[in-house]
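A.B. asks: Residue numbers for the first sequence follow the working numbering, beginning at 18 and rising by one.
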Amino acid sequence: MRLVEETPWRHRIEREGAMRVPGVVFASRALLPDGSGDHALRQVANVATLPGIVAASYAMPDVHEGYGFPIGGVAATDVGAGGVVSPGGVGFDISCGVRLLFSPDLALEELRPRLARVMDALGRQTPRGPGPGGVWRPRDRAELERVLLGGARYAVEQGHGVARDLERCEDRGAVGGAAPAQVSPHALERGIGQLGSLGSGNHFLEVQVVERVYDEHAARILGLAAGRICVMIHCGSRGLGHQTCADHVRVMDRAMASCGISVPDRMLACAPVDSPAGRDYLGAMSAAANYGRANRQLLAERVRRVFAEECPCGFDLVYDVSHNLAKLEEHDVDGDRRLLCVHRKGATRALPPGHPDLPAPLAEVGQPVLLPGTMGTASYVLVGVPGSPAFSSAAHGAGRVQSRHAAARSIGGRQLRTQLEARGIAVRGASWRGLAEETPTAYKDVDAVVEVTERAGLARKVARLLPVGVVKG
DNA sequence: ATGTAC
18 MRLVEETPWR HRIEREGAMR VPGVVFASRA LLPDGSGDHA LRQVANVATL PGIVAASYAM
78 PDVHEGYGFP IGGVAATDVG AGGVVSPGGV GFDISCGVRL LFSPDLALEE LRPRLARVMD
138 ALGRQTPRGP GPGGVWRPRD RAELERVLLG GARYAVEQGH GVARDLERCE DRGAVGGAAP
198 AQVSPHALER GIGQLGSLGS GNHFLEVQVV ERVYDEHAAR ILGLAAGRIC VMIHCGSRGL
258 GHQTCADHVR VMDRAMASCG ISVPDRMLAC APVDSPAGRD YLGAMSAAAN YGRANRQLLA
318 ERVRRVFAEE CPCGFDLVYD VSHNLAKLEE HDVDGDRRLL CVHRKGATRA LPPGHPDLPA
378 PLAEVGQPVL LPGTMGTASY VLVGVPGSPA FSSAAHGAGR VQSRHAAARS IGGRQLRTQL
438 EARGIAVRGA SWRGLAEETP TAYKDVDAVV EVTERAGLAR KVARLLPVGV VKG
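Dropping the structure here:
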């Protein structure tokens, strides 16, 4: 594999073998995965072999190894030219994403004296960890299917939120084309008892303070101001999304040969978008995505209730965005308008200012990009920029550099909590082991990731947020 | 990511 440094923020993997397009990695040398133990760059090259892929197989600055596709990968296929959709290009946690709430009323100094009580209440009232439990259980199978069709919109219709929330949700709260019938009974069983829960792994709910604003005008439009409190929620579609991915990977793995498709890695199982298996997956994926959207809406409502009880103040939704999804979008390809299936796995959509899919208030500044760091480091709010490469996409987080196993070997959960609390960050975990696996040292430097994101022209900074308290999944 | 396993 030949890697060429095009600029200090962009590397190219030369086309070779079965690759249909080159690989393009938006990373500085320091942020490139180190080939030993991390096969992310090999995965970028593997993705470049997919039928119908256009332009390049892209990787964001936070790229690291994933299942088949790298996490931090973006790949678009031409639907009209036999382009494929691959569940591995979305990931197991379908529509995993980030939601940011902002309180215009609450400054850090007002929260500080009540922080321990607020964190205790958030800890008690946020279902998390593996297994069942959620803030709201659908009455029956039929109501779960309404969640799969309506996403955050259905949650709001049921009284869990306000209409304005939906203006600040990607897709206004629900992805179109959801086909609950393509979600297996097994996936539905797993999902019915987990709606409104964080899950585990890198999922969290964090109380943050706006430490710095880079663009006052954009911050004002997004509804952010320095010194005030935010709550960031990172979670996905739990067992329902996971089961949906597994079900459709299996179907596609079996169907590939009969479609005449061969891929260098079984985990890249795929089918043409315009085929029964492709359509079935996209319908199931959209349904699971709406479960994820409803999940974040319900958790946000729980946050509002906890604050109303413990530290009265209101929270407005800044934005809710997925970073694990495939979308059918129109883009210019070699001067032609084409319908593409854009896979973003651990990558955030980052629409530029003026894009027709943005609600009016946001059209002026571009789509918010929510980029969480780690428990002990900053998170960022960015916005999309004109002329962005990679089909208007940006990084989604800091990006792992250490395996969960290695992270847990490096520090104990109790010790990590003590360290964070000494720095004024309240911690409410789910398990000591899970906490240790998420130690900030297991991740890339989020400030460097954001710097490269901006230099590479993927998005630009609006605000930097610092952690005050974290509820870990 | 995940009732960390078909």
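The C-beta atom is built at its ideal place from N, Cα and C for all residues, glycine as well.
What first and last residue would you give for the alpha helix (DSSP H) that runs through P406?
C.D. replies: Locating residue 406 in the first sequence gives position 389, counting from the first residue. Segment P406 to S409, the alpha helix (DSSP H) holding P406.
A.B. asks: Hey, out of E468, G490, G441 and P484, whose CA is closest to A453's CA?
C.D. replies: In the first sequence, counting from the first residue as 1, residue 453 sits at position 436. Nearest of E468, G490, G441 and P484 to A453, Cα basis: G490.
A.B. asks: Kindly indicate the opening and closing residues of the alpha helix (DSSP H) around T470.
C.D. replies: Within the first sequence, the letter at position 453 stands for residue 470. It spans V463 to R472 - the alpha helix (DSSP H) in which T470 sits, taken as one unbroken run.
A.B. asks: For L212, which of helix, strand or coil comes out of DSSP?
C.D. replies: Here residue 212 corresponds to residue number 195 of the first sequence, with the count starting at 1. For L212, the three-state secondary structure derived from DSSP is coil.
A.B. asks: Under 8 angstroms: do the region 117 to 132 and the region 144 to 155 share three or more Cβ pairs, one atom per stretch?
C.D. replies: No, because fewer than three Cβ pairs between the region 117 to 132 and the region 144 to 155 fall closer than 8 angstroms, the two stretches do not touch.
A.B. asks: Grab me the residues of H413's own chain with a C-beta within less than 6 angstroms of its C-beta, minus the 5 sequence neighbours each way, in chain order.
C.D. replies: As a working note, residue 413 is residue 396 in the first sequence. Hits under 6 angstroms: H340, G363, A364 and T365.
A.B. asks: Is it right to say M18 is buried, meaning 16 or more other beta carbons lie within 10 angstroms of its own, or is it exposed?
C.D. replies: As a working note, residue 18 is residue 1 in the first sequence. Its Cβ having fewer than 16 others within 10 Å, M18 is exposed.
A.B. asks: Tell me, to the nearest whole angstrom, how far the beta carbon of G151 is from that of L212; I am working on the premise that it is less than 8 angstroms.
C.D. replies: Walking along the first sequence from the start, residue 151 turns up at place 134. Walking along the first sequence from the start, residue 212 turns up at place 195. G151 to L212, Cβ: 4 angstroms. Contact.
A.B. asks: Mapping DSSP to helix, strand and coil, what is I88?
C.D. replies: Position 71 of the first sequence, counting from 1, holds the residue named residue 88. Note: I88 maps to strand in three-state DSSP.
A.B. asks: Let me know the secondary structure DSSP gives I502 once reduced to three states.
C.D. replies: A question about residue 502 goes unanswered here, because the residues of the chain that appear run from 18 up to 490.
A.B. asks: Go ahead and pull the three-state DSSP assignment for Q225.
C.D. replies: Numbered from 1 along the first sequence, position 208 holds the residue referred to as residue 225. Strand, per DSSP.
A.B. asks: Tell whether a beta-carbon distance below 9 angstroms holds between F43 and V467.
C.D. replies: Here the question's residue 43 lines up with position 26 in the first sequence. Here the question's residue 467 lines up with position 450 in the first sequence. For the pair F43 and V467, the CB atoms are not nearer than the 9 angstroms cut-off.
A.B. asks: The alpha helix (DSSP H) spanning S427 covers which residue range?
C.D. replies: In the first sequence, residue 427 corresponds to position 410, counting from 1. Segment R421 to S427, the alpha helix (DSSP H) holding S427.
A.B. asks: Just to check my reading of the structure: G258 and S112 have Cβ atoms closer than 8 angstroms, yes? What is that Cβ distance to the nearest angstrom?
C.D. replies: The sequence position of residue 258 within the first sequence is 241, counting from 1. The sequence position of residue 112 within the first sequence is 95, counting from 1. Indeed they touch by this definition, with Cβ atoms about 7 angstroms apart.
A.B. asks: Tell me whether the beta-carbon of P78 lies closer than 9 angstroms to the beta-carbon of W26.
C.D. replies: To locate residue 78, count along the first sequence from 1; it is residue 61. To locate residue 26, count along the first sequence from 1; it is residue 9. Cβ atoms of P78 and W26: closer than 9 angstroms.
A.B. asks: Note the first and the last residue of the continuous beta strand (DSSP E) segment covering P121.
C.D. replies: The sequence position of residue 121 within the first sequence is 104, counting from 1. That run of the beta strand (DSSP E) goes G114 to A124.
A.B. asks: Drop a sphere of 10 angstroms on the beta-carbon of Q432, count the other beta-carbons inside from all chains shown, and report buried for 16 or more, exposed for fewer.
C.D. replies: One-based indexing of the first sequence puts residue 432 at position 415. Label assigned to Q432: exposed.
A.B. asks: Does the region 59 to 68 come into contact with the region 81 to 94, if we say contact requires no fewer than three beta-carbon pairs (one atom in each stretch) closer than 8 angstroms?
C.D. replies: yes
A.B. asks: Do N307 and L117 have their C-beta atoms within less than 9 angstroms of each other?
C.D. replies: Locating residue 307 in the first sequence gives position 290, counting from the first residue. Locating residue 117 in the first sequence gives position 100, counting from the first residue. No, the Cβ-Cβ distance between N307 and L117 is not below 9 angstroms.
A.B. asks: Closest to C328 by CA distance: which of V21, I30, E23 and A133 is it?
C.D. replies: Within the first sequence, residue 328 is the residue found at index 311, counting from 1. C328 has its Cα closest to that of A133, out of V21, I30, E23 and A133.
A.B. asks: Can V398 and L239 be called in contact, C-beta distance under 9 angstroms?
C.D. replies: Walking along the first sequence from the start, residue 398 turns up at place 381. Walking along the first sequence from the start, residue 239 turns up at place 222. Their beta carbons are under 9 angstroms apart, which means V398 touches L239 by this criterion.
A.B. asks: Whose C-alpha, out of D264, A236 and L215, is nearest the C-alpha of S254?
C.D. replies: As a first step, residue 254 must be located in the first sequence, where it is residue number 237. Answer by Cα proximity: L215.
A.B. asks: Does the structure place the region 181 to 196 close enough to the region 283 to 302 that three or more beta carbon pairs sit under 8 angstroms?
C.D. replies: Taking 8 angstroms as the limit for Cβ pairs, the verdict is that the region 181 to 196 does touch the region 283 to 302.
A.B. asks: Please list, in chain order, all residues of the same chain as V248 whose beta carbon is under 6 angstroms from its beta carbon, the five residues on each side excluded.
C.D. replies: Locating residue 248 in the first sequence gives position 231, counting from the first residue. Excluding positions up to five away in sequence, the list reads L118, V224 and V320.
A.B. asks: Going by the beta-carbon positions, is the gap between G390 and A415 smaller than 9 angstroms?
C.D. replies: Here the question's residue 390 lines up with position 373 in the first sequence. Here the question's residue 415 lines up with position 398 in the first sequence. Yes, they are a contact pair.
A.B. asks: Counting Cβ pairs, one atom from each stretch, are 3 or more of them under 8 angstroms apart for the region 33 to 47 and the region 476 to 490?
C.D. replies: Touching, no.
A.B. asks: Reducing DSSP to helix, strand and coil, say where P403 ends up.
C.D. replies: Position 386 of the first sequence holds residue 403. Residue state, collapsed to three classes: coil.
A.B. asks: When the Cα atoms are used, what is the spatial distance from C186 to A169?
C.D. replies: Here residue 186 refers to the residue found at position 169 when the first sequence is read from its first residue. Here residue 169 refers to the residue found at position 152 when the first sequence is read from its first residue. Each residue's alpha carbon lies about 8 angstroms from the other.
A.B. asks: Out of P39, V101, A242 and W153, which one is the CA nearest neighbour of A272?
C.D. replies: Here residue 272 is taken as the residue at index 255 of the first sequence, counted from 1. When each option's Cα is compared against that of A272, the closest is V101.
A.B. asks: Report yes if the C-beta distance between L315 and A180 is below 9 angstroms; otherwise report no.
C.D. replies: Here residue 315 refers to the residue found at position 298 when the first sequence is read from its first residue. Here residue 180 refers to the residue found at position 163 when the first sequence is read from its first residue. The answer is no: Cβ separation not under 9 angstroms.
A.B. asks: Taking all protein chains shown into account, decide if H81 is buried (16 or more other Cβ within 10 angstroms of its Cβ) or exposed.
C.D. replies: For the purposes of this step, residue 81 is taken as the residue at position 64 of the first sequence. Buried is the call here.
A.B. asks: Mind checking who M273 pairs with in its DSSP beta bridge?
C.D. replies: Taking the first sequence and counting its residues from 1, the one referred to as residue 273 is at position 256. Partner(s): none; M273 has no beta bridge.
A.B. asks: Starting from N307 and walking both ways along the alpha helix (DSSP H), at which residues does that stretch end?
C.D. replies: Position 290 of the first sequence, counting from 1, holds the residue named residue 307. Start and end: P293 to E327.
A.B. asks: For A395 versus A476, is the C-beta distance shorter than 9 angstroms?
C.D. replies: Here residue 395 is taken as the residue at index 378 of the first sequence, counted from 1. Here residue 476 is taken as the residue at index 459 of the first sequence, counted from 1. No.
A.B. asks: Put M136 into one of helix, strand or coil per three-state DSSP.
C.D. replies: As a working note, residue 136 is residue 119 in the first sequence. Helix, per DSSP.
A.B. asks: Tell me the DSSP secondary structure of D374 in three-state form.
C.D. replies: Position 357 of the first sequence holds residue 374. DSSP places D374 in coil when its eight states are reduced to three.
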